[in-house]
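Engineer:
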Amino acid sequence: MQVAELEKLLSQSRLATYYQLFPNDKQIAIEYYQLNTQIAESLYPLLSNLEIVLRNTIHNSFSIHFKNSNWYTLVNYPELQDQINIAKSKITASKNQITIDKLVSELTFGFWTSLFNKNYAKDYWKPLMYAFPLLDKQQKHRNIIAFKLNNIRKF
3 MQVAELEKLL SQSRLATYYQ LFPNDKQIAI EYYQLNTQIA ESLYPLLSNL EIVLRNTIHN
63 SFSIHFKNSN WYTLVNYPEL QDQINIAKSK ITASKNQITI DKLVSELTFG FWTSLFNKNY
123 AKDYWKPLMY AFPLLDKQQK HRNIIAFKLN NIRKF
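Going from the sequence shown to this note's numbering is simple: count from 1 and add 2.
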């Protein structure tokens, strides 16, 4: 496909970063764009599985800690409650019944990673800590886990 055709389909602004890397060769820039897309596609299953395992592990840990599988009803932080309400709205908008499984899967990766933020540590660190039973003691610190998860989320 010709460069001009690709620019129309993908947009010059999307390709601009690659054009800046290779200002004298648009063909190489486009090849790098395609390579980046392939790399992103190869990482998607890993990120998807990480999100699924993380949310299910946190949900299970919270259910045990709060002795309630509907632990989300006990959330006292307005910003977290807003995210829970948005997830509930999406579920009902798609004409589905709100179940704990649907809610857990509808909450975003950002929601789950934000639970590790310092401002929630008082209420959530203990059950979050138990969500990582195989993590060694040196690595099992809220700030270390939060840092790593936020880097993955930003990625």
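Using N, Cα and C, we set each Cβ at its ideal position, and we do this for glycine too. Quantities reported herein were computed from a predicted structural model and do not represent experimental measurements.
Measuring CB atoms only, is the stretch 62-71 touching the stretch 3-18, in the sense that at least three cross pairs come out at less than 8 Å?
Structural biologist: No, they do not touch.
Engineer: Taking the alpha-carbon positions, what's the residue 103 to residue 43 distance?
Structural biologist: Straight-line Cα distance between these residues: approximately 26 Å.
Engineer: Would you mind sorting residue 146 into buried or exposed? The rule is 16 or more other CB atoms within 10 Å of its CB.
Structural biologist: Exposed, by the Cβ-count rule.
Engineer: Can you list, in chain order, the residues of its chain with a C-beta nearer than 8 Å to that of residue 105? Leave out the 5 residues immediately preceding and following it.
Structural biologist: Taken in chain order, the residues that qualify are 74, 86, 89, 90, 93.
Engineer: Please determine, among 111, 154, 39, 76, the residue with the shortest C-alpha to C-alpha distance to residue 58.
Structural biologist: Here the closest residue by C-alpha is 111.
Engineer: To which residues of the same chain is residue 128 closer than 8 Å at the C-beta, ignoring the five residues directly before and after it?
Structural biologist: The answer, listed in chain order, is 67.
Engineer: In this structure, does DSSP put residue 27 in helix, strand or coil?
Structural biologist: Correct three-state label for residue 27: coil.
Engineer: Enumerated in chain order, which unbroken segments of the alpha helix (DSSP H) with a length of 4 residues or greater are wholly contained in the stretch 58-115?
Structural biologist: Listed in chain order, they are 80-95, 102-108.
Engineer: Check each candidate in 97, 65, 157, 113 and name the one with the smallest Cα separation from residue 132.
Structural biologist: Comparing Cα positions, the closest option is 65.
Engineer: Specify, as a first and last residue, the run of the alpha helix (DSSP H) that residue 6 falls within.
Structural biologist: It spans 5-12 - the alpha helix (DSSP H) in which residue 6 sits, taken as one unbroken run.
Engineer: What residue from 9, 114, 95 has the CA that sits closest to residue 55's CA?
Structural biologist: With distances taken between Cα atoms, residue 55 lies closest to 114.
Engineer: How long is the line joining the alpha carbons of residue 141 and residue 124, rounded to whole angstroms?
Structural biologist: Their Cα atoms are separated by approximately 19 Å.
Engineer: So for residue 22, helix, strand or coil by DSSP?
Structural biologist: In this structure, residue 22 counts as helix in the three-state DSSP scheme.
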